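For reference, the structure is listed below as structure tokens.
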Amino acid sequence: MASQSGPNLDPVYFGGIEVDISQFDFSDHSSRLGAVTITCTVFIALVVLTVALRIFSRARYVRHIFLDDVLIIFAAVFTVALAGMCIAATHHGLGRHIWLLPIPTLFDTLKNCILYLFVCQVLYCFAIALTKLAIISQYLRFIPDKSFRAALYAISVIILGLFITGIFVTIFQCRPVRGAWNFTIEPVCVDYVSYLYASSAVNVATDLLLFVLPLSHLWKLNLPRKQRVILCVLLAGGASACIVGIVRIAYLHQLRVLDITYQSVVCLILTVGECSLGIIFVSIAALRPMARQFFPKAMRNSPSSSAKPRAWPVRLQHIPASQDKDQYTSESKQNLSGSYGTRSGTSC
């Protein structure tokens with residue numbers, strides 16, 4: 001569709017820089033304000049509710065708060081702040097086309113909007129790192145396999161490195177720092193979107209590792225088949241955050257356009273969704289002790305045939321000593337039962 005900008009004989013300057021406005025469709029009056037507000041509000045409600053129930057379940061039925069619970073609380077705080085900043089940015093032009101913003105306050109509105117996006121990226125670095133560290137902490141509590149734990153520690157180092165790098169590059173992407181959002185000055189900046197492509201790829205890689213590595217270990221746990229299946233399904237549900245992260249990469253290019261107040265909305269919603277889904281799915285398993293109290297019949301264990309004891313008409317002395325001991329200790333079983341809720345009141 002041809003741009004309806006009218007005669008454009010004179011150059012157009014934006015912040016002292018000549019820009020090409022041929023990409024603009026001035027007849028497009030669509031808005032994404034509702035998409036930002038509704039989506040972020042829903043994610044805020046789900047995250048707050050899920051984490052509140054998780055902490056209540058821990059305190060009331062398990063009677064212990066673990067490191068992963070603390071990390072999830074902080075991750076939720078930063079995720080809610082991230083979603084809140086997106087909603088606040090709608091009062092500064094986010095969700096509207098740049099050509100629909102009031103002309104007298106256009107520059108101030110854009111500077112404020114970009115500043116909000118700047119803060120959102122910093123909050124995202126905190127939220128995603130804390131969520132992944134909480135997942136790793138939860139794995140470490142009930143899977144004692146040495147090679148698996150070593151892999152988790154290695155992933156933790158990558159996550160911490162990505163977090164520190166993300167904070168540093170985001171804050172100091174321009175010199176002076178305010179040049180990241182104040183386009184009326186002439187800053188020296190790095191190609192921040194290219195950095196986002198690289199960091200997002202590493203982020204997705206760690207998501208995949210945290211999804212794939214525990215599967216075999218969770219299946220080997222000495223639990224009824226039903227509980228093992230549920231654990232693996234929950235883990236697969238957590239992979240939805242990884243899928244959102246992959247889709248987010250496809251929209252990063254929209255951060256380069258001049259109509260950033262409108263085009264950046266999809267990327268922001270995916271950013272909030274990635275953090276929120278990670279928190280929600282990693283917290284569902286912790287709600288089982290509470291669910292067993294309110295829905296005892298539905299949550300009743302139904303051991304699989306592999307978990308049912310069998311009586312054989314043989315003498316004990318005819319049974320050879322086991323050569324294949326279970327690699328998971330009874331302590332690990334207790335850890336999982338408290339975390340997953342196989343026995344109400346058991347701490348892990």
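Numbers 1 to 348, taken from UniProt numbering, label the letters of the sequence shown in order. Every residue, glycine too, gets a C-beta built ideally from N, C-alpha and C. Please read these numbers as outputs of a predicted model, since none were measured by experiment.
- With fewer than 16 neighbouring CB atoms inside 10 Å of its own CB, residue 219 falls in the exposed class.
- DSSP places residue 176 outside any alpha helix (DSSP H), giving it a letter other than H or E.
- Put simply, the backbone Cα of residue 117 is about 42 Å away from that of residue 294.
- Under the criterion of beta carbons closer than 8 Å, residue 195 and residue 169 qualify as touching, at roughly 5 Å.
- Taking a C-beta distance under 7 Å as the contact criterion, residue 265 and residue 32 qualify as a contact pair.
- Inclusion of residue 245 and residue 204 in the CB contact set at 7 Å is warranted, their separation being smaller than that value.
- Residue state for residue 96 is assigned as strand, using DSSP reduced to three classes.
- In this model, residue 254 and residue 263 are separated by some 6 Å (Cα to Cα).
- Going by beta carbons, residue 76 and residue 279 fall inside the 7 Å limit.
- Per DSSP, residue 285 lies in no alpha helix (DSSP H) segment and is marked neither H nor E.
- The DSSP assignment places complete alpha helix (DSSP H) segments of no fewer than 4 residues inside the stretch 86-174 at 106-142, 146-171, in order along the chain.
- Shortest Cα-Cα distance from residue 166 to any of 198, 185, 102 involves 198.
- Where residue 205 is concerned, the enclosing alpha helix (DSSP H) starts and stops at 192-220.
- The three-state reading of DSSP puts residue 31 in strand, counting E and B together.
- In summary, residue 132 is buried, with 16 or more beta-carbon neighbours lying within 10 Å of its beta-carbon over all protein chains present.
- The Cβ-Cβ distance between residue 171 and residue 209 does not fall below 7 Å.
- Nearest neighbour of residue 88 by Cα position, chosen from 290, 268, 283, 282, turns out to be 268.
- With a cut-off of 8 Å on Cβ pairs, the stretch 34-44 is not in contact with the stretch 107-123, counting fewer than three such pairs.
- DSSP places residue 265 within a helical segment (H, G or I) once states are collapsed to three.
- Relative to residue 130, the option among 261, 48, 34, 79 whose CA is nearest is 79.
- Residue burial is scored here from C-beta neighbours: residue 50 has at least 16 other C-beta atoms within 10 angstroms and is therefore classed as buried.
- By the neighbour-count criterion, in which a residue is buried when 16 or more other Cβ atoms sit within 10 angstroms of its Cβ, residue 63 is exposed.
- Counting C-beta atoms within 10 angstroms of its own C-beta, residue 34 has fewer than 16 neighbours from the protein chains shown and is therefore classed as exposed.
- The three-state reading of DSSP puts residue 257 in coil, since its state is none of H, G, I, E or B.
- Among the bridge pairs identified by DSSP, residue 188 is matched with 175.
- In terms of Cβ geometry, residue 82 and residue 287 do not form a close pair [threshold 7 Å].
- Beta-carbon to beta-carbon, residue 236 and residue 277 are separated by about 12 Å, too far to satisfy the 8 Å threshold.
- Between residue 249 and residue 283, the CB-CB gap reaches or exceeds 7 Å.
- Rounded to the nearest whole angstrom, the CA to CA distance from residue 193 to residue 216 is 37 Å.
- In terms of Cβ geometry, residue 94 and residue 261 form a close pair [threshold 7 Å].
- When secondary structure is reduced to three states using DSSP, residue 63 falls in the coil class, being assigned neither helix nor strand.
- Under the three-state reduction of DSSP output, residue 74 falls in the helix class.
- Around the beta carbon of residue 273, a 10 Å sphere encloses 16 or more other beta carbons of the protein chains shown; the residue is thus reported as buried.
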